[in-house]
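Structure record follows, encoded as structure tokens.
Numbering (the UniProt record's numbering), first residue to last: 1 to 306.
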């Protein structure tokens, strides 16, 4: 199989289009040139990485004292390669900067907690990250020794991620596969070649993905996930309220991909219809827990494969 890059726990992934060291051959490429390579969805993944960097080291719940702060030094390496300084400055000066940072901080904390709990306490030791973007959980979280992570995204994203992080050891076994949400079933059928076992429970991460999909495609996505994993598999997905879409249209002047998407309740029904028992964590619940104003923009879904 020529369209994946595998990296083991304590090892180095050789990233797509990389040489033996894990770095792209054109080592002197500028952030402006890399930024120009991205399509709108890939650019939005870089923007999300910036928000995660902004809330690293500084965000902590004032009410839940045992909720650790986000520590993500790896994402800065990605930003230094992929995000032009001028664009970063513009994004950090937008009116929505504080709100988007809060949304990303809360989302990251809850997803981290969920995945680590299911891995350590429930012993689910394989994770599929759908449209993984510039996620760094394979590097920054403390996984069980036998954990295997599979990241699915475009060749461009995998190449730039490998160029930025390819020389740094991961905390678990990691395989990066080229694929998209539109043909997820085809990609999942190829996972067995890199060690995925669909007869065992799986963790699924669907973070900031549904907002960029047509409703029918979202149903197909969750159905494909259900068809390629064992009962007892777990799912965590982030959903945005339409209010966030409207705010981005009004105030997100720098670079934001704003699509039409369904209210969280309708997406929840689609997830349940695809073979999952799911429940939604309301934005108000997250606001109460973390003592932060999310303007009702963020919802999270926990699901179990029936």
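Every residue gets a Cβ at the ideal spot worked out from N, C-alpha and C, and that includes glycine.
Every value quoted in this text rests on a predicted model; they were computed, and no experiment measured them.
Put simply, of 107, 249, 230 and 293 the residue whose alpha carbon is nearest the alpha carbon of residue 201 is 230. Rounded to whole angstroms, the separation of the alpha carbons of residue 284 and residue 193 is 43 Å. Going by C-alpha positions, residue 131 is about 19 Å away from residue 109.
Ranked by how close their Cα comes to the Cα of residue 184, the residues 152, 45 and 197 have 152 in first place. By the Cβ criterion, the segment 202-216 is in contact with the segment 116-135, since at least three pairs of Cβ atoms, one from each stretch, lie closer than 8 Å. Secondary structure of residue 86 (DSSP, three-state): helix. Its Cα nearest to that of residue 29, the residue 83 stands out among 83, 75 and 55.
DSSP places residue 160 inside the alpha helix (DSSP H), whose first and last residues are 155-165. The continuous beta strand (DSSP E) containing residue 174 extends over residues 173-178. By alpha-carbon distance to residue 195, the top candidate from 127, 296 and 165 is 127. Taking a cut-off of 8 Å on C-beta distances, the segment 97-115 does not touch the segment 166-175, as fewer than three cross pairs fall below it. In the three-state scheme derived from DSSP, where H, G and I count as helix and E and B as strand, residue 129 is classed as strand. By the neighbour-count definition (other C-beta atoms within 10 Å, threshold 16), residue 297 is a buried residue. A straight line joining the alpha-carbon of residue 163 with that of residue 247 spans about 34 Å. DSSP places residue 279 in the uninterrupted beta strand (DSSP E) bounded by 276-281.
With fewer than 16 neighbouring CB atoms inside 10 Å of its own CB, residue 214 falls in the exposed class.
DSSP places residue 301 in the uninterrupted beta strand (DSSP E) bounded by 298-305. With fewer than 16 other Cβ atoms inside 10 Å of its own Cβ, residue 71 counts as exposed.
The Cβ atoms of residue 47 and residue 292 do not sit closer than 8 Å to each other.
The beta carbon of residue 272 sits closer than 6 Å to those of 278, all from its chain and outside the five residues before and after it, given in chain order. Taking the CA atoms as reference points, residue 96 sits about 12 Å from residue 245.
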